[in-house]
Amino acid sequence: SDTQRDPFVAKTAADYEAVRFARANKGQSELVPLATARANGWQLDFAQVPPAPVQPGRHLFMDWPLEDLRDYIDWTPFFRAWELAGNYPAILDDAIVGESARSLWADAQAMLDQVIAEKWLTAKGVAALWPARREGDDVIVTTPAFALSEVEGQEGSASTSLGTNGASETRFAFLRQQIAKREGRANMCLADFIDPAGDWMGGFAVGVHGIEPHLVRYKADHDDYNDILLKALADRLAEAFAERLHAHVRTDLWGYAPGEQLTNEALVREQYRGIRPAPGYPACPEHSLKRTLFDMLDAEANTGLELTESFAMLPTAAVSGFYFGHAEAEYFGVARIGQDQVADYATRRGVDARQAERWLRPNLD
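Counting in the working numbering, the sequence shown runs from 6 upward without gaps.
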């Protein structure tokens, strides 16, 4: 779900920690020059680079079964959205909010039963795995011409330059931590997880469609409770779809963890190899990268998702992001950056400094 829309939802415990870190350090932590931060980047062992995907290219999922996604729902953010503090399932027996949580839980299960049985909502998504290489703080992904035609039968829309054999190359510019680190701690950037000599990176976009007629009905009935409940469930299903699709990528499409068998609790705790950072979240705080990602995935044509001028996703029950498969890849927060990185980012993105500063304003305050 879009971070502007759903402030209660944080994808991982690491993301929460990064947000707390950023808030605690804004305006007071020492920044190092960008060149110094880059020299202190994370040096990974690329002998552990994940293998080439079993099924590279783009893959469409036009109606993922909701009954399958139900098993992947993380319910803790659902209760937080209703301002009920506590972790699921312990919250159901909480001395203070337990009674309210149990009542809400029962209503949610009844509505979810109806949503699934009567097919109120449809889960659509697209995932892709591309050859990639690192150049500085950028990742260059290559889309071979055959991958577009054979996998989905249509031409891509996100190429920024042409490589050999008609392939297109797209550059994703990522941000690097600039806050001074203590000895032994790196100034991290997502590009650090990609081998300059050749690697793979993925992208995805998923959404839950079909909510509007039901919201119209609830509005006509002045039923605010069920209106909010359905929106919250759609959000949870979208997040569950992102989690389920990532598991499918790890075990089947990319296939670097074919024997993975994890409980829902282990999935929530992200006890698996690889990460799926999303534009707008702490490791990748700049929202406009969604536009490039959507173009690479042809997400609007393939899934019906849309981006607003401010890069919010529609329908709002949607998630998009990147796949990194290195065994040492982890979440972090970029936090505050300096004007030297703003200028560098503007150059790398091909925009003027004012535009870059508007995009990066939350990381400058």
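Glycine included, every Cβ here is placed at the ideal spot set by N, Cα and C.
Candidates 285, 265, 284, of which the one nearest residue 277 by Cα: 265
Out of curiosity, what's the CA-to-CA distance linking residue 195 and residue 136? 16 Å
Return the CA-CA distance between residue 231 and residue 221, expressed in angstroms with no decimal places. Cα to Cα, residue 231 sits roughly 11 Å from residue 221.
For residue 185, which residues in the same chain have their Cβ closer than 8 Å to its Cβ, ignoring the five residues on either side in sequence? Answer for residue 185: 34, 35, 36, 37, listed in chain order.
Segments assigned alpha helix (DSSP H), at least 4 residues, entirely inside the stretch 45-77: For the stretch 45-77, whole alpha helix (DSSP H) runs of length 4 or above, ordered along the chain, are 71-75.
Give the straight-line distance between the Cα atoms of residue 309 and residue 251, rounded to the nearest whole angstrom. 20 Å
Just the Cα atoms here: how many angstroms apart are residue 81 and residue 244? 12 Å
Using 8 Å as the cut-off, can you tell me whether the stretch 84-102 makes contact with the stretch 204-224, which would need three or more C-beta pairs spanning the two stretches below that distance? no
Counting C-beta neighbours from all protein chains within 10 Å, is the total for residue 193 16 or more, i.e. buried, or is it exposed? Under this definition residue 193 is a buried residue.
Among 128, 357, 45, 240, which one has its Cα closest to the Cα of residue 188? Of the candidates 128, 357, 45, 240, the residue whose Cα lies closest to the Cα of residue 188 is 45.
Going by DSSP, what residue range makes up the alpha helix (DSSP H) through residue 277? No alpha helix (DSSP H) contains residue 277, which DSSP labels as neither H nor E.
C-beta atoms of residue 284 and residue 275 nearer than 8 Å: no
For residue 184: DSSP bridge partner residues: 36
Which of helix, strand or coil DSSP assigns to residue 337: coil
Distance, residue 330 Cα to residue 253 Cα: Distance from the CA atom of residue 253 to the CA atom of residue 330, rounded to whole angstroms, is 13 Å.
Option nearest residue 339 by Cα separation, candidates 180, 176, 39: 180
Quick one: what's got a C-beta closer than 7 Å to residue 267's C-beta in the same chain, skipping five residues either side? Excluding sequence neighbours, residue 267 sits near 276, 277.
Please report the residue range of the alpha helix (DSSP H) in which residue 326 lies. It is not in any alpha helix (DSSP H) - residue 326 instead sits in the beta strand (DSSP E) that spans 323-328.
Less than 8 Å between the CB atoms is what I'm expecting for residue 89 and residue 126, so what's the real figure, rounded? A Cβ-Cβ separation of about 24 Å leaves residue 89 out of contact with residue 126 under the 8 Å criterion.
My assumption, with CB atoms under 8 Å, is that residue 259 sits in contact with residue 65. Please give the rounded CB distance. Incorrect: roughly 16 Å between the Cβ atoms, too far for contact.
Cβ of residue 215 less than 8 Å from any chain C Cβ? Among the chains in the structure shown there is no chain C, since it carries only a single protein chain.
Three-state secondary structure (DSSP) of residue 193: coil
Using the Cα positions of residue 178 and residue 293, report the straight-line distance between them to the nearest angstrom. 11 Å
Rounded to whole angstroms, what's the CA-CA distance from residue 306 to residue 106? Just pull it up for me. 39 Å
What would DSSP say about residue 295, mapped onto helix, strand or coil? helix
I need the straight-line Cα distance from residue 239 to residue 75, nearest angstrom please. 11 Å
From residue 42 to residue 176, what distance separates their C-alpha atoms? 21 Å
So, under 8 Å CB-CB, residue 141 and residue 210 are touching, yes? Tell me the CB distance rounded to an integer number of Å. About 26 Å separates the two Cβ atoms, so there is no contact after all.
The beta strand (DSSP E) enclosing residue 96, as first and last residue numbers: Per DSSP, residue 96 belongs to no beta strand (DSSP E) and is neither H nor E.
Under a Cβ-count criterion, where at least 16 other Cβ atoms within 10 Å of its own Cβ denotes burial, should residue 248 be classed as buried or exposed? The residue is buried, with at least 16 neighbouring Cβ atoms inside 10 Å.
What residues are listed by DSSP as bridge partners for residue 146? 137, 175
If you count every other CB in all the chains shown that lies within 10 Å of the CB of residue 295, and 16 or more means buried, which is it? buried
Do you know whose CA, among 85, 145, 333, lies nearest residue 353's CA? 145
Supposed contact pair residue 326 and residue 282 - C-beta distance, whole angstroms, cut 8 Å: 6 Å
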